[in-house]
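Enquirer: Can you read through this structure? Questions will come right after.
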Amino acid sequence: MDDMRIVERTVNTKASKISAKGVQVHYGATHALKDVDVEILENTVTAFIGPSGCGKSTFLRCLNRMNDTIPSCRVDGSITLDGENIYDPRVDPVRLRARVGMVFQKPNPFPKSIYDNVAYGPKIHGLARTKAELDEIVETSLRKAALWNEAKDRLASPGTGLSGGQQQRLCIARAIATSPEVLLMDEPCSALDPIATAQVEELIDELRASFSVVIVTHSMQQAARVSQKTAFFHLGNLVEYGETGQVFTTPQDPRTEAYITGRIG
Amino acid sequence: MNSTHILSAFDRDLEAVQALVMRMGGLVETALLEAAEALDARDEEMASRVRAGDKAIDALEDQINIECARLIALRAPAAGDLRTVLTVMKIAAALERAGDYAKNLAKRTAVLSQMPQVMGASGSIRRLAKAVVQMLNDALDAYIRRDVKLAEDVRQRDRDIDQMYNSIFREFLTHMMEDPRNIGPCMHLHFIAKNIERVGDHATSVAEQVIYLVTGSLPGEERPKFDTTSARG
Ligand SMILES: Nc1ncnc2c1ncn2[C@@H]1O[C@H](COP(=O)(O)OP(=O)(O)OP(=O)(O)O)[C@@H](O)[C@H]1O
Ligand SMILES: [Mg+2]
Numbered sequence: 231m232d233d234m235r236i237v238e239r240t241v242n243t244k245a246s247k248i249s250a251k252g253v254q255v256h257y258g259a260t261h262a263l264k265d266v267d268v269e270i271l272e273n274t275v276t277a278f279i280g281p282s283g284c285g286k287s288t289f290l291r292c293l294n295r296m297n298d299t300i301p302s303c304r305v306d307g308s309i310t311l312d313g314e315n316i317y318d319p320r321v322d323p324v325r326l327r328a329r330v331g332m333v334f335q336k337p338n339p340f341p342k343s344i345y346d347n348v349a350y351g352p353k354i355h356g357l358a359r360t361k362a363e364l365d366e367i368v369e370t371s372l373r374k375a376a377l378w379n380e381a382k383d384r385l386a387s388p389g390t391g392l393s394g395g396q397q398q399r400l401c402i403a404r405a406i407a408t409s410p411e412v413l414l415m416d417e418p419c420s421a422l423d424p425i426a427t428a429q430v431e432e433l434i435d436e437l438r439a440s441f442s443v444v445i446v447t448h449s450m451q452q453a454a455r456v457s458q459k460t461a462f463f464h465l466g467n468l469v470e471y472g473e474t475g476q477v478f479t480t481p482q483d484p485r486t487e488a489y490i491t492g493r494i495g
Numbered sequence: 008m009n010s011t012h013i014l015s016a017f018d019r020d021l022e023a024v025q026a027l028v029m030r031m032g033g034l035v036e037t038a039l040l041e042a043a044e045a046l047d048a049r050d051e052e053m054a055s056r057v058r059a060g061d062k063a064i065d066a067l068e069d070q071i072n073i074e075c076a077r078l079i080a081l082r083a084p085a086a087g088d089l090r091t092v093l094t095v096m097k098i099a100a101a102l103e104r105a106g107d108y109a110k111n112l113a114k115r116t117a118v119l120s121q122m123p124q125v126m127g128a129s130g131s132i133r134r135l136a137k138a139v140v141q142m143l144n145d146a147l148d149a150y151i152r153r154d155v156k157l158a159e160d161v162r163q164r165d166r167d168i169d170q171m172y173n174s175i176f177r178e179f180l181t182h183m184m185e186d187p188r189n190i191g192p193c194m195h196l197h198f199i200a201k202n203i204e205r206v207g208d209h210a211t212s213v214a215e216q217v218i219y220l221v222t223g224s225l226p227g228e229e230r231p232k233f234d235t236t237s238a239r240g
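Sequences listed follow chains A and B, in order. Start counting at 1 in the first sequence, then tack on 230, and there's your number in the working numbering. Start counting at 1 in the second sequence, then tack on 7, and there's your number in the working numbering.
Structure, rendered in structure tokens:
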């Protein structure tokens, strides 16, 4: 992709990882997403931005079939992962969610120990053969999520006993412990202080070497800092999708310009 | 972008920094006109006022740069706002250079008033200065009105300035060949004409900033150059 950044990691791709075409989402009578087309590229951080209620989380949840769990929700159109239709009845949503991991807007640790929160995924997907291997996955995941120093002496205590920002980093560690191919993050930093935020942003940039990351954020600066592609949603429409540097210097649509410069009332 | 920010202090900051540029533009225009008039009237007092006035222009540029740095740090402008800040800085730099040329013109006035007068010379220089100041004025108007058409017009007018300069150059050459005593003053007058012509280039770059501000890209097509005084291979 045409990243305008001057200093760049050696990742550059045009290969599509997820391809969404004509995606429509209804919650009962609410038409939440209207005919959205997006290509999520490999080894790329894609930021979804837009005003509250425009459908960012809804679209993110389409990408790993989280919307299946909402009874009123109906998804139409096609979404493929590596060319494979993820809504095919033969696709197991649980396996899909191991490949397309998710970090939610609100931290939601399991009511288990810090260690078990991170070890759970690798255990059920058989990613570790020995306790030592599992220990290592837990440690590297916690380190990458910038939680290791705070958690290493209390791995056995409950995850729910951590502070809000620490819980969010625990959820990030849990999501990356299974080495997903795509990581979906819904406002992952809204409860984090600036240092933890910077650490998570650095992690996102590192993850890009091996995965695709899609991040929903209300911080324009965060979108600009971490992403190579930016998609702007407005009232259920995908208004603009382009290279992040271009979107933030010369957006093509007046609605995008109004939003990123702080002009939508 | 005409609509206002949700955070109105942001609008006030952007307006304030643009107002500084307009003030700077006004000072530069006056300096150029007065320098040309002082030359014509051999008015050393006016010339020295122009020279002293350049400090205020420089100070304004410094202030604009400081305000822009603050705006970038505190408000993280994007899109049209970002282009506004970037163009403000570039225009301030162009105006500062133009102000320097006015000062240089005024300096030469003092030297020239000790020399014999050259027939008709200061009149053509005054006409050149007027045309250039009009260009600068229109470029700044185009900036405030976000008027790409006017900016494009200013850009095209630069070729008229080049042509005026070329004919002044030939005029001086004739004077110098006619009478060697004209060489000293004509050399000074030529530098003056050349400097005014350069102010035209700065007015043109202001106009180009207007085009960038509005459209997001600098005009691509090369401006035709009509400087026939430089040797061609
Ligand atoms: N579970 C649900 N049931 C019914 N309607 C829903 C549900 N989830 C979302 N919606 C509606 O769908 C629309 C899009 O919501 P969504 O949560 O995707 O917005 P968003 O862009 O993520 O907003 P925010 O920035 O506030 O998180 C909204 O009108 C919302 O009310
Ligand atoms: Mg949301």
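Where is the CB? At the ideal position from N, CA and C, for every residue including glycine. A quick note: this is a predicted structure, and the numbers were derived from the prediction, not measured.
#1: Hey, out of Lys251(A), Glu363(A), Gln335(A) and Gly331(A), whose CA is closest to glycine 313(A)'s CA?
#2: Hey, does phenylalanine 478(A) have any beta-carbon neighbour from chain B nearer than 9 Å?
#3: Whole angstroms is fine: what's the gap from threonine 447(A)'s alpha carbon to glutamine 476(A)'s?
#4: Take asparagine 343(A) as the anchor and find which of Leu311(A), Gln458(A) and Ala381(A) has the nearest alpha-carbon.
#5: Tell me, please, whether the CB atom of alanine 85(B) is closer than 9 Å to any CB atom in chain A?
#6: Counting only the same chain and skipping the five closest in sequence on each side, list residues whose C-beta sits under 7 Å from that of valine 266(A).
#7: Can you pull the chain B residues whose beta carbon is under 8 Å from the beta carbon of glycine 492(A), in chain order?
#8: Quick check on this structure: which residue in Tyr150(B), Glu185(B), Gly127(B) and Leu112(B) has the alpha carbon closest to the alpha carbon of alanine 54(B)?
#9: For the beta strand (DSSP E) that phenylalanine 179(B) lies in, which residues bound it at each end?
#10: Any heavy atom of ligand 1 closer than 8 Å to the beta-carbon of tyrosine 471(A)?
#11: Run through chain A and tell me which residues come within less than 9 Å of glycine 227(B), C-beta to C-beta.
#12: With respect to 8 Å, is the separation between the Cβ of glutamine 335(A) and the closest non-hydrogen atom of ligand 2 below this value?
#13: For alanine 403(A), which three-state DSSP category applies?
#14: For cysteine 303(A), which beta-bridge partners are listed by DSSP?
#15: If I measure Cβ to Cβ from arginine 188(B) and keep anything under 8 Å in the same chain, skipping five residues before and after, which residues do I get?
#16: Look at the Cβ atom of valine 333(A), then the Cβ atom of leucine 414(A), and state whether they are nearer than 9 Å.
#17: With distance defined between alpha-carbon atoms, name the residue in Ser10(B), Met194(B) and Tyr150(B) nearest to arginine 115(B).
#18: Apply the 10 Å Cβ neighbour rule to phenylalanine 478(A) and answer buried if 16 or more other Cβ atoms are within range, or exposed otherwise.
#19: Name the DSSP beta bridge partners of isoleucine 309(A), please?
#20: Contact criterion: CB-CB distance below 9 Å. Does threonine 486(A) meet it with respect to chain B?
#21: Give a single yes or no on whether valine 446(A) has its beta carbon closer than 8 Å to a heavy atom of ligand 2.
#22: Under a Cβ-count criterion, where at least 16 other Cβ atoms within 10 Å of its own Cβ denotes burial, should methionine 31(B) be classed as buried or exposed?
#23: Would you list the residues sitting across from asparagine 315(A) in a DSSP beta bridge?
#24: Closer than 8 Å: is that where the CB of aspartate 298(A) sits relative to any heavy atom of ligand 3?
#25: In chain B, which residues lie with their C-beta within 9 Å of the C-beta of glutamine 458(A)?
#26: For glycine 356(A) and valine 368(A), I'd like the C-alpha separation in whole angstroms.
#27: Ligand 2 and aspartate 416(A): does any heavy atom of the ligand fall closer than 8 Å to the residue's C-beta?
#28: Report yes or no: is there a C-beta of chain A within less than 9 Å of the C-beta of aspartate 88(B)?
#29: Using alpha carbons as the reference points, say which of Glu272(A), Arg493(A), Ala461(A) and Thr491(A) lies closest to phenylalanine 278(A).
#30: With distances taken Cα to Cα, identify the nearest neighbour of cysteine 419(A) among Pro337(A), Gly285(A) and His256(A).
#31: At the level of alpha carbons, what is the spacing between alanine 23(B) and glycine 472(A)?
#32: Is asparagine 347(A) buried or exposed, if buried means 16 or more other CB atoms sit within 10 Å of its CB?
#33: Assuming the contact rule is C-beta atoms closer than 8 Å, leucine 147(B) and tyrosine 172(B) should be a hit. Round their C-beta distance to whole Å, please.
#34: Could you tell me whether the Cβ atoms of threonine 211(B) and aspartate 165(B) are closer together than 9 Å?
#35: If you follow the beta strand (DSSP E) that serine 442(A) is part of, which residue opens it and which one closes it?
Expert: The answer reads as follows:
#1: Lys251(A)
#2: yes
#3: So the two alpha carbons sit approximately 18 Å from each other.
#4: A small correction: the amino acid at residue 343(A) is serine; asparagine does not occupy that position in the sequence shown. Comparing Cα positions, the closest option is Ala381(A).
#5: yes
#6: Correct list, in chain order: Ala250, Val253, Phe289 and Leu468.
#7: His12, Ile13, Leu14 and Phe17
#8: The shortest Cα separation from alanine 54(B) among Tyr150(B), Glu185(B), Gly127(B) and Leu112(B) belongs to Leu112(B).
#9: That residue, phenylalanine 179(B), is in no beta strand (DSSP E); its alpha helix (DSSP H) goes 155-185.
#10: no
#11: Within chain A, no residue comes near glycine 227(B); the closest Cβ sits about 15 Å away, beyond 9 Å.
#12: yes
#13: helix
#14: Tyr257(A)
#15: Pro123
#16: yes
#17: A check of alpha carbon separations from arginine 115(B) across Ser10(B), Met194(B) and Tyr150(B) identifies Met194(B) as the nearest.
#18: buried
#19: Ala250(A)
#20: yes
#21: yes
#22: With 16 or more Cβ atoms within 10 Å of its Cβ, methionine 31(B) is classed as buried.
#23: Its beta-bridge partners are Thr310(A).
#24: In the structure shown, ligand 3 is absent; the only ligands present are ligand 1 and ligand 2.
#25: Near glutamine 458(A) there are no residues of chain B at all, since even the closest Cβ is about 17 Å away, more than 9 Å.
#26: 14 Å
#27: Yes; taking the cut-off as 8 Å, the Cβ of aspartate 416(A) has a heavy atom of ligand 2 nearer than that.
#28: yes
#29: Ala461(A)
#30: Ranking Pro337(A), Gly285(A) and His256(A) by Cα distance to cysteine 419(A) puts Pro337(A) first.
#31: Rounded to whole angstroms, alanine 23(B) to glycine 472(A) spans 32 Å at the Cα level.
#32: buried
#33: Their Cβ separation, rounded to whole angstroms, is 22 Å, which puts leucine 147(B) and tyrosine 172(B) out of contact at 8 Å.
#34: Going by C-beta atoms, threonine 211(B) is nearer than 9 Å to aspartate 165(B).
#35: 442-446 is the span of the beta strand (DSSP E), which, as asked, contains serine 442(A).
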